[in-house]
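Trainee:
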Amino acid sequence: MSEIVTMGSGSEAEVTVRSAELTNIFQRGANGKLGMKMPAQSPEVLDALQQVNQLAKDYETLKIEVFLRADRASWVFLSNVYDFVLRINRSVKKRQIKSDLLEMIKLRDHISITSAAETETIVARYIFSDMARQTRNNYVAVMQKALSLDVKQGELLVLLEQNGGISNWVNNAFDGVDAQKIADREQRKTLRTDSVSLMRRLFALMGSGQGVSFVKTKQVADWTPSARELATVKEANKNATKYQAGEFVFFVATPSEQPDEYKLIQGFSAARDFEDQLLLQIAARLGADNQQLQAVVSEFEAARLN
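So the sequence shown is numbered by this note's numbering: it starts at 2 and just counts up by one.
(1) Among E230, D131, K264, A125, which has the Cα closest to the Cα of V141?
(2) Taking only the alpha-carbon atoms, compute the straight-line gap between E15 and G210 and give it to the nearest angstrom.
(3) Just the Cα atoms here: how many angstroms apart are K99 and K146?
(4) Helix, strand or coil for A237, going by three-state DSSP, please let me know.
(5) Going by DSSP in three states, D223 sits in which element: helix, strand or coil?
(6) With DSSP collapsed to three states, give me the class of T62.
(7) Does DSSP put S116 in a helix, a strand or coil?
(8) Can you tell me where the beta strand (DSSP E) holding I26 begins and where it ends?
(9) Measure the CB-CB distance between Q267 and Q220 and report whether it falls below 8 Å.
(10) Can you list, in chain order, the residues of its chain whose CB lies under 8 Å from that of A222, leaving out five sequence neighbours each side?
(11) Could you tell me whether the Cβ atoms of I92 and D110 are closer together than 8 Å?
(12) Considering L102, what are the terminal residues of the alpha helix (DSSP H) in which it resides?
(13) Within 10 angstroms of the Cβ of T233, are there 16 or more other Cβ atoms? Answer buried if so, exposed if not.
(14) Can you look up Y83 in the DSSP assignment and give me helix, strand or coil?
(15) Nearest-angstrom Cα distance between G212 and R273?
(16) If we count the other Cβ atoms within 10 Å of its Cβ and call it buried at 16 or more, is E302 buried or exposed?
(17) Thinking C-alpha only, which one of A205, S227, T218 is nearest F249?
(18) Closest to L339 by CA distance: which of R73, S116, N81 is it?
(19) Name the two residues that bound the continuous alpha helix (DSSP H) containing K146.
(20) Would you check if there are 3 or more beta carbon pairs closer than 8 Å linking the region 287-294 to the region 236-245?
(21) Going by C-alpha to C-alpha distance, which of N81, E156, F275, R137 sits closest to K171?
(22) If distances are taken between C-alpha atoms only, which option among V159, R193, I89 comes closest to F78?
(23) Looking only at DSSP bridge pairs, what is G268 linked to?
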């Protein structure tokens, strides 16, 4: 038998400003810029938020003035090293130059490198002697790829700029398009996981706020895995979302003739995989990206603790 549920009516169910603002997130078209009023904050919280915003701005400045310039300077220098490698490889005295370089490394660093080593390996070991081995290996990998592609003198810098730097060049050295596809797929997976997590936090905030209406009903279908079903599942597979109970109950209702009144038809208590898909669909329709949603959820969580 259906029940009539009135949402937010009566003095005891009066929704607070904070709960109302969270509810506003779900209004169609409300989140183009997520421009809703944030809850009142204590001076300490406001000061902390202002400080972190200033640090973010300072980082943007630092990134442009220091980090990005430093990255490009390293690309320029590595390009010059590559041009030097090309010069040695073209020289009729190549063998003698390499032999002398190996002797200089032995005298200076007290290590021996095989004479079969490639020019770029020897040159990198001599010039970047104090660098971490992985960094030096990355430099060698950049030059080896450039050599395999027959990159001419003066052209490596342009290629590094086009590919976003040394790390990108190395990581895409052998995987090419497949590597980009894998990276894109992993990024989409991460975004979906973050969206679901943020929706859980958002609903948890709304459920813990004042003015939440309680619904007492037996009209809830239990779609969670039964004990009999779980008994047949291997222990290693029980962590799969389809075998885990969800955190929420989803209801279907139809509008009543009265404002803010709905006829409850059926509720569903589903497994985690079903719940994740619903939360993901809801997140996709909010009109806000994960970064915006993260800012709102974190703000309200901080406000609740103060």
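No residue lacks a Cβ here, since even glycine has one placed at the ideal position from N, Cα and C.
As the structure is a computational prediction, the values presented were derived from the model and not from experiment.
Mentor: In terms of the structure at hand:
(1) When each option's Cα is compared against that of V141, the closest is A125.
(2) Low per-residue confidence applies at E15: pLDDT is 39, beneath 50, and the placement is therefore not dependable, though the value from the model is reported in the following sentence. Distance from the CA of E15 to the CA of G210, rounded to the nearest whole angstrom, comes to 11 Å.
(3) Per the coordinates, the alpha-carbon of K99 lies some 20 Å from the alpha-carbon of K146.
(4) A237 carries a helical assignment under DSSP once its states are collapsed to helix, strand and coil.
(5) Three-state result, D223: strand.
(6) Shown here, T62 sits in a helix according to DSSP, grouped into three states.
(7) Assigned with DSSP and collapsed to three states, S116 falls in coil, not helix or strand.
(8) First-last for I26: undefined, no H or E at that position.
(9) A contact, by the Cβ cut-off of 8 Å.
(10) Excluding positions up to five away in sequence, the list reads Q267, G268, F269, S270.
(11) Per the sequence shown, residue 92 should be read as Ser rather than Ile. In this structure, D110 does not lie closer than 8 Å to S92 by Cβ.
(12) From DSSP, the alpha helix (DSSP H) with L102 extends over 95-110.
(13) Counting Cβ neighbours within 10 Å, T233 comes out exposed, since fewer than 16 surround it.
(14) Y83: helix per DSSP, three-state reduction.
(15) So the alpha carbons of these two residues sit roughly 27 Å apart.
(16) Exposed, by the Cβ-count rule.
(17) Cα-wise, what sits closest to F249 is A205.
(18) Because the chain is modelled from 2 through 307, residue 339 falls outside the range shown and cannot be assessed.
(19) Per DSSP, K146 belongs to the alpha helix (DSSP H) from 134-149.
(20) The region 287-294 and the region 236-245 do not touch, with fewer than 3 CB-CB distances between them shorter than 8 Å.
(21) At residue 171 the sequence reads Val, which differs from the Lys that was named. Nearest option by C-alpha distance: R137.
(22) V159 is the residue among V159, R193, I89 whose C-alpha sits nearest the C-alpha of F78.
(23) In DSSP, G268 forms a bridge with V221, F252.
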